[in-house]
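Notes for the one structure printed next.
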Amino acid sequence: MFTGIVQATGEIVSLENRGDALTMRIRSPGFFKACKLGDSVANNGVCLSIESRTDDEATFCMMHQTLANTSFSSAKTGDLVNLELACRADSYMGGHFVMGHVDTAVKVLSIIPRETGGEVELELPENLRRYVIRRGSIALNGISLTVAEKNEKSLRVAIIPDTLSRTNLRTWEVGTVVNVEVDMLGKYIENYLEERDRA
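First residue of the sequence shown: 0, per numbering that gives the first Met the number 0; consecutive thereafter.
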């Protein structure tokens, strides 16, 4: 589990198609020093396990189901990736509960610069609308953000300068494909109500 507070960014230095999977190597100086093989790391919000590592680089493997559901289906070397280590029981919860199980990938529709950050509008698929509420939390490329507005086909988030400078959000432009994970709490509540009604 993660908090949506990005700890570093890394660069994709290699991508290797292994037939049934894709191997991705990420470089982020010093970030992987305390990691062990098998540790979970959020890469643009996708929970992946470390297959091999040095202090500065780590290799991850993605099955095609993951690729089909995330922005990594169009990833290329040189892309910047948001990184976050899995949280511990004593971790500071600065964002919200992020599972690393991306729901889908959507496109950026517009970017509005402001003196203090900016606003980003993104597609909102119909099947996810019920989980998105104004002033609620959402993870975009693993970044915990607050929904400023939503309508039938899009949502808008406000971006502060610190988030802009510390994440790959600074590289986004209209048409950029972004991973989305809605707040898991809404799904649990929905499932509980459905099961209760069946009883």
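Heads up, the beta-carbon is just placed ideally off N, CA and C, and yes, glycines get one too.
Neighbourhood of residue i by C-beta distance below 6 angstroms, restricted to the same chain and skipping five residues each side
i, result
"Glu120", "Leu108, Ser109, Ser153 and Arg155"
Bridge-paired residues (DSSP) for residue i
i, result
"Pro200", "Any question about residue 200 goes unanswered here, given that the chain covers just 0 to 198."
"Gly116", "Arg113"
"Ala147", "For Ala147, which the question treats as bridged, DSSP gives no partner whatsoever."
"Phe59", "Met23 and Ile49"
"Leu108", "Paired residue(s): none; Leu108 is not in a bridge."
"Asn81", "Thr8"
"Ile158", "Gly117"
Length of the line joining the Cα atoms of residue i and residue j
i, j, result
"Tyr191", "Val40", "29 angstroms"
"Glu194", "Gly174", "39 angstroms"
"Arg52", "Asn42", "15 angstroms"
"Ile111", "Asn81", "22 angstroms"
"Tyr187", "Val181", "12 angstroms"
"Asp38", "Cys46", "10 angstroms"
"Thr69", "His63", "10 angstroms"
Same chain only: Cβ atoms within 8 angstroms of residue i, ignoring 5 sequence neighbours per side
i, result
"Val105", "Leu121, Glu122, Leu123, Pro124, Val176, Val177 and Val179"
"Thr170", "Leu79"
"Leu127", "Asp102, Thr103, Val179 and Val181"
"Lys149", "Leu123, Arg128, Val131, Ile132, Arg133 and Arg155"
Whole-Å CB distance - residue i paired with residue j, under 8 angstroms assumed
i, j, result
"Met23", "Phe59", "5 angstroms"
"Gly3", "Ile142", "6 angstroms"
"Thr115", "Ile49", "Not really, about 37 angstroms apart at Cβ, beyond 8 angstroms."
Whether residue i touches residue j by CB criterion (9 angstroms)
i, j, result
"Pro129", "Glu189", "A small correction: the amino acid at residue 129 is Arg; Pro does not occupy that position in the sequence shown. Yes, the Cβ-Cβ distance between Arg129 and Glu189 is below 9 angstroms."
"Asp55", "Ser27", "yes"
"Val5", "Thr145", "no"
"Gly44", "Leu163", "no"
"Ile25", "Gly77", "no"
"Leu21", "Met61", "yes"
"Met183", "Met92", "no"
Close-in-space but distant-in-sequence residues of the same chain around residue i (CB under 7 angstroms, 5 per side omitted)
i, result
"Glu151", "none"
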